[in-house]
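Numbering (our numbering), first residue to last: 9 to 310.
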Amino acid sequence: MQHNLLEGTVLENRGALFEVLVQGHVVRCLLRGRLKKDKRRQVAPVAAGDRVKLSLLEPGRGIIEEVLPRASDLSRSAAGSVPLQQTLVANVDQAVIVFAAAEPRADLFMLDRFLVAATGAGLEPVICVNKCDLVDGGPPRARFAVYPQCGFRMVFTSAECGDGLAELKETLRDRRSVLCGPSGVGKSSLLNAIAPGLQLRTRETGDVTHKGRHTTSSISLVELPFGGWVADTPGLRQLGFWEVSPDQVAGAFPDIEPYLGRCRFSSCAHGDEPGCALKAAVNAGDVDARRLKSFLQMGGCR
Ligand SMILES: Nc1nc2c(ncn2[C@@H]2O[C@H](COP(=O)(O)OP(=O)(O)OP(=O)(O)O)[C@@H](O)[C@H]2O)c(=O)[nH]1
Ligand SMILES: [Mg+2]
Ligand SMILES: [Zn+2]
9 MQHNLLEGTV LENRGALFEV LVQGHVVRCL LRGRLKKDKR RQVAPVAAGD RVKLSLLEPG
69 RGIIEEVLPR ASDLSRSAAG SVPLQQTLVA NVDQAVIVFA AAEPRADLFM LDRFLVAATG
129 AGLEPVICVN KCDLVDGGPP RARFAVYPQC GFRMVFTSAE CGDGLAELKE TLRDRRSVLC
189 GPSGVGKSSL LNAIAPGLQL RTRETGDVTH KGRHTTSSIS LVELPFGGWV ADTPGLRQLG
249 FWEVSPDQVA GAFPDIEPYL GRCRFSSCAH GDEPGCALKA AVNAGDVDAR RLKSFLQMGG
309 CR
């Protein structure tokens with residue numbers, strides 16, 4: 009029976025159903041029962057982006073028999089009495105972290121959390137600040153200045169008036185990317201603007217009462233007409249980490265990393281201890297105080 013198995017890529021998961029792309033055709037699949045046995049720790053054993061082997065039941069319908077090893081796994085900790093791992097997307101190599109210049113105004117602590125999740129999963133992060141048309145005086149570079157100083161790539165865009173879209177397109181070309189970030193920042197709008205054929209659902213303009221609902225309701229992987237794949241995700245209000253080590257947190261803080269282990273006391277909590285190298289760096293203007301707070305909140309200290 010093994011010789012009948014086909015290989016494909018999971019595009020989307022809705023409930024018990026998975027859409028798998030096999031040689032240019034979409035096959036709607038269920039999971040073989042034994043794949044579900046890992047349910048205790050995982051929300052679902054298969055995610056968008058997974059490479060799978062499936063058996064065809066009839067044209068367009070199949071059963072996923074096997075999930076191939078992942079090259080990458082962007083996960084979060086799903087809320088609940090028992091923490092569960094939720095893989096948002098598998099096998100991407102780049103995370104475009106989208107925040108808005110306004111409406112909603114970017115929460116930089118949240119941005120840092122996305123950076124930790126992305127770099128911790130081994131993905132190359134790119135920060136995209138969208139809705140730049142809503143602020144006066146051009147892209148708000150000053151507010152985000154610490155990020156390019158850390159070496160993170162940044163793109164300032166407006167899905168509305170087209171600014172920065174050519175650069176975003178080049179960023180996505182021939183890569184496997186995930187677009188993540190809070191709800192309502194324009195992730196789906198950006199994809200529609202650079203690849204109009206996609207026609208992803210976006211929030212109605214003027215829908216100001218939109219609260220607690222996501223316009224994009226499931227994660228879907230789409231092929232870009234100019235080369236590459238991208239996963240559009242529903243905005244996350246919270247991003248709980250799944251098994252992120254202090255080292256992985258530090259990996260998203262290249263501005264702070266050089267000062268680690270240099271405090272006078274190895275037990276330094278980086279509060280008011282004498283000889284704290286991190287506090288000294290903040291006082292000298294070498295480290296941003298907000299970034300240090302963010303780093304400590306995430307348990308970046310070894
Ligand atoms: N002014 C302005 N509005 C924008 C821009 N991009 C998106 N919007 C609007 O912002 C709202 C949210 O856009 P979406 O693309 O649905 O946002 P999303 O990030 O995909 O949201 P979720 O799917 O809920 O995670 C819509 O009303 C868009 O028209 C922009 O660059 N400028
Ligand atoms: Mg969306
Ligand atoms: Zn210290």
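The beta-carbon is built from N, C-alpha and C at its ideal position, and this holds for glycine as well. It should be emphasised that the depicted structure is a prediction, and the values quoted were computed from it without experimental measurement.
Taking non-hydrogen atoms of ligand 1 into account, the C-beta of residue 142 is found less than 6 Å away from one of them.
Per DSSP, residue 30 is one residue of the beta strand (DSSP E) stretching across 25 to 30.
Taking 6 Å as the cut-off, the C-beta of residue 271 counts as close to a heavy atom of ligand 3.
Straight-line measurement puts the Cα of residue 244 at about 17 Å from the Cα of residue 128. Here residue 140 carries a helix assignment [DSSP, helix/strand/coil].
About 5 Å separates the beta carbons of residue 148 and residue 109, which is inside the 8 Å limit, making them a contact pair. The region 167 to 179 and the region 90 to 97 do not touch, with fewer than 3 CB-CB distances between them shorter than 8 Å. In the three-state reduction of the DSSP assignment, residue 197 falls in the helix class.
The closest CA to that of residue 259, considering only 306, 50, 165 and 57, is found on 306. Minimum Cα-Cα distance from residue 211 among the listed residues 191, 27, 301 and 106 corresponds to 191. Taking a 10 Å sphere around the C-beta of residue 120, we find 16 or more other C-beta atoms and assign the residue as buried. Residue 184 and residue 236 have their C-alpha atoms roughly 6 Å apart.
In chain order, 242 place their CB closer than 7 Å to the CB of residue 225, counting only its own chain and leaving out the 5 sequence neighbours on each side. Shortest gap from the CB of residue 195 to any heavy atom of ligand 2: under 6 Å.
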